[in-house]
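Residue numbers (the working numbering), protein chains in the order written: chain A, 249 to 630; chain B, 17 to 436.
By construction, the Cβ of each residue, glycine as well, lies at the ideal position given by its N, Cα and C atoms.
Comments concern the structure below.
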Ligand code: SF4
Ligand code: SF4
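Structure follows, in structure tokens:
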């Protein structure tokens, strides 16, 4: 049933994408028994290499935001706690391995904790933090070369240049499709777009691409231009469900720019494919993509990028989400809020335990979105 | 991560079943001079062309010293703010400005002090001419120093030391080395001075000397009874942090070492009737420095060594000065796997003949604390000694729940009742 028939109706495929995004990989064995998945956490884990190793990348999401595994203190983020708890409950047993990328302190710690207390095979990559530092790209190259070897050891199969090039092309194609969808964002319901983007981090990649290719025309048809919704930018770490985006939509808002780890930021940046040296193309993409707060290309680069994005998309408001105990995002939140405000963009900072929003957030969001609707630009439009 | 403070601890120590160190006087003098010269920097820095850098505790300060840059340590000041009970009001300033209460309390109180120097002990820190951060201790310092760089509008130099999941790899070492060379070029521009290789070598020599003095002093604590207890180590680590590579620092540690050696000769313990020997893991609980450790001392429990102040006792790596800097600063323990850290603790327990260990689960410091439970299990498994976990914060007293802590400590110490 999950195999994509060439004549599946586009709305069936849309249903498939939405379903996959809700399942968060839970039924992967039944649905894709012939596929081998490799778990990862962070958008800086190069998915090209997972694909080139003949595996499908599966982004790990927690099944609860209230898990408290004894191996982590309560003051760690619920993404780390929830996924580790699932490891201890042997929910990731079928994965060929799990990849950790050095991004924040929590991820750095989680990798060691996982290796010490879990059952899965873990692999690490430590990309440069200072992406433009002297020697960074040479170092990055060596780290990727090591990673290729580790993946090959894991699968007992060499990773060829051709496999790398094919994976690069597949990722470039995925990112192009997603970018097409991203441009429809102002005219499509936000939870749908967000869910489709999440599905791409959970499904076998080839299936995802086929489904998305076939759905795009329908999605374009669904896109309606005239609306009076408050245009918002959302920036956040991982959001494992659509709760926030649904509430925004329900309250009359529309997410026109998405800078979340599991949203458009995961796919953004330019993928080069033609140098004939796939590794160096991969490095250029990960070095150049809009960065997360854990990485630095230059002091104000991320802040300027986001204020420029808000401007381009004509966002009237920005919602800055801080996952409880997530330091990197909490740090940037302050400068970001100030910068947005200086650009005339109102901001709301929401601190969430996980991805779910509740009554308290509804009240704050409602007031925020209403205040935007009264803003002069929006009244003019209507 | 770190830091210690200096002042005023002699007096309460006397009342507490606790042998005060004569060297504390010398410490106060040494540190007093350092703070005085630092606080007056604005008068002498420019004319003498000696910029002031704010640096993280793991920054390669020997290189800065070779450029005649004067360094001040926000983490050190934050520890002083805490010992002087100013952390809460300073953190509240930062929190009102939007910084989450879950961020490192050193960083929050530092930012509070930047925004409201009038609330900060010592009048806050003198303004920096540049900022130098090294992420070998945590990722927090990068974000914190980015905020400072925007606020002060001064150059920020970052040394990116890749986290070591195993041993230092050649590519990581090469990457750090390249950055150090680039940093030297930046510093030449900032200071208008050329890098003098001889002066750098001399800085490295002194830094190695001070490190071995600190290391030897600590090793005397393998004696029974131990001549020093954790609060001594925490207080007397101040010079190795801020005066690494200086002659004043060396002079001071020579004195301390002599006193500690003498104590061992005379069989004098830091704690009267030492009965239980413990190892401490994580940053000190500064706001409770004496009341917390007293819970142990009054039962004859002495912290004979610790991983925190021991971070400054690591030998320099070999090679040219730059190579040595690259490896030494990348290999610091906070930049290494839980496995490495567990082994480090196991060795301390064996070498210091400890009966148990206490881990401070420090809300502020994720890289230090998040991995502690898996370390605790491994260490208990391999050494057979018990390990206690206490949740608190190194600087923010709001995270310290006195009653539960006391109960846990008492229950833990009761497990040693058969030790005489
Ligand atoms: S949510 Fe924040 S703290 Fe947690 S893993 Fe992501 S970046 Fe790290
Ligand atoms: S997070 Fe830890 S290592 Fe980093 S500055 Fe704070 S206390 Fe120091």
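Ranked by how close their Cα comes to the Cα of residue 401/B, the residues 297/B, 413/B, 372/B have 372/B in first place.
In the structure shown, residue 486/A falls within a coil segment according to DSSP collapsed to helix, strand and coil. Apart from the 5 residues on each side of it in sequence, residue 447/A sits with its Cβ closer than 6 Å to the Cβ of 265, 268, 269 in its chain, given in chain order.
DSSP lists no beta-bridge partner residue for residue 54/B. Residues of chain A with a Cβ closer than 9 Å to the Cβ of residue 63/B do not exist; the shortest Cβ-Cβ separation is about 29 Å.
Between the C-alpha atoms of residue 586/A and residue 596/A there is a straight-line separation of about 11 Å. Proximity to residue 552/A across 538/A, 440/A, 599/A peaks at 538/A, based on C-alpha coordinates.
For residue 71/B, the enclosing beta strand (DSSP E) has its first and last residue at 68-71. Shortest gap from the CB of residue 91/B to any heavy atom of ligand 2: under 7 Å. Here residue 150/B carries a strand assignment [DSSP, helix/strand/coil]. Contact check for residue 395/A and residue 373/A: beta-carbon distance about 5 Å, within the 8 Å limit, so the pair qualifies. A distance criterion of 7 Å places the beta-carbon of residue 327/A in contact range of ligand 1, judged by its closest non-hydrogen atom.
Where residue 440/A is concerned, the enclosing alpha helix (DSSP H) starts and stops at 438-447. When C-alpha distances from residue 365/A are compared across 393/B, 414/B, 98/B, 420/B, the shortest belongs to 393/B. Taking 7 Å as the cut-off, the C-beta of residue 351/A counts as close to a heavy atom of ligand 1.
Of the other Cβ atoms in all chains shown, 16 or more fall within 10 Å of the Cβ of residue 382/A; this residue is therefore buried. Taking the Cα of residue 423/A as reference, the smallest distance to any Cα among 518/A, 466/A, 536/A is reached at 518/A. Excluding the 5 residues flanking it on each side, residue 101/B has no same chain C-beta neighbour closer than 6 Å. The Cβ atoms of residue 531/A and residue 389/A sit closer than 8 Å to each other.
For residue 133/B, the closest of 148/B, 105/B, 145/B, 152/B by C-alpha to C-alpha distance is 105/B. A distance criterion of 7 Å places the beta-carbon of residue 344/A beyond contact range of ligand 2, judged by its closest non-hydrogen atom. Your pair residue 417/B and residue 380/B does not check out as a contact, with CB atoms roughly 16 Å apart and the cut at 8 Å. When DSSP states are grouped into helix, strand and coil, residue 397/B belongs to the helix group. Residue 375/B carries a strand assignment under DSSP once its states are collapsed to helix, strand and coil. In this structure, ligand 2 has no non-hydrogen atom nearer than 7 Å to the beta-carbon of residue 413/B. Not a single C-beta of chain A is nearer than 8 Å to the C-beta of residue 108/B. Secondary structure in the segment 267-346 of chain B: the beta strand (DSSP E) runs of 3 residues or longer, each lying completely within the stretch, are 292-297, 317-322 in chain order. Of the other Cβ atoms in all chains shown, fewer than 16 fall within 10 Å of the Cβ of residue 367/A; this residue is therefore exposed. Taking 3 residues as the minimum length, the beta strand (DSSP E) runs contained wholly in the segment 117-205 of chain B are 146-150, 172-175, in order along the chain. Identification of chain A residues near residue 154/B by a Cβ-Cβ cut-off of 8 Å yields 353, ordered along the chain. With respect to the C-alpha of residue 473/A, the residue from 498/A, 502/A, 455/A, 495/A having the closest C-alpha is 502/A. In this structure, residue 306/A sits near residue 287/A, with a CB-CB distance shorter than 8 Å.
The bridge partners DSSP lists for residue 403/B are 373/B. When the beta-carbon positions are compared, residue 306/B and residue 312/B stay at least 8 Å from each other.
A Cβ-Cβ separation of about 7 Å places residue 245/B in contact with residue 309/B under the 8 Å criterion. The residues 329, 332, 333, 336, in chain order, have a CB closer than 7 Å to that of residue 317/A in the same chain once the five nearest residues on each side in sequence are set aside.
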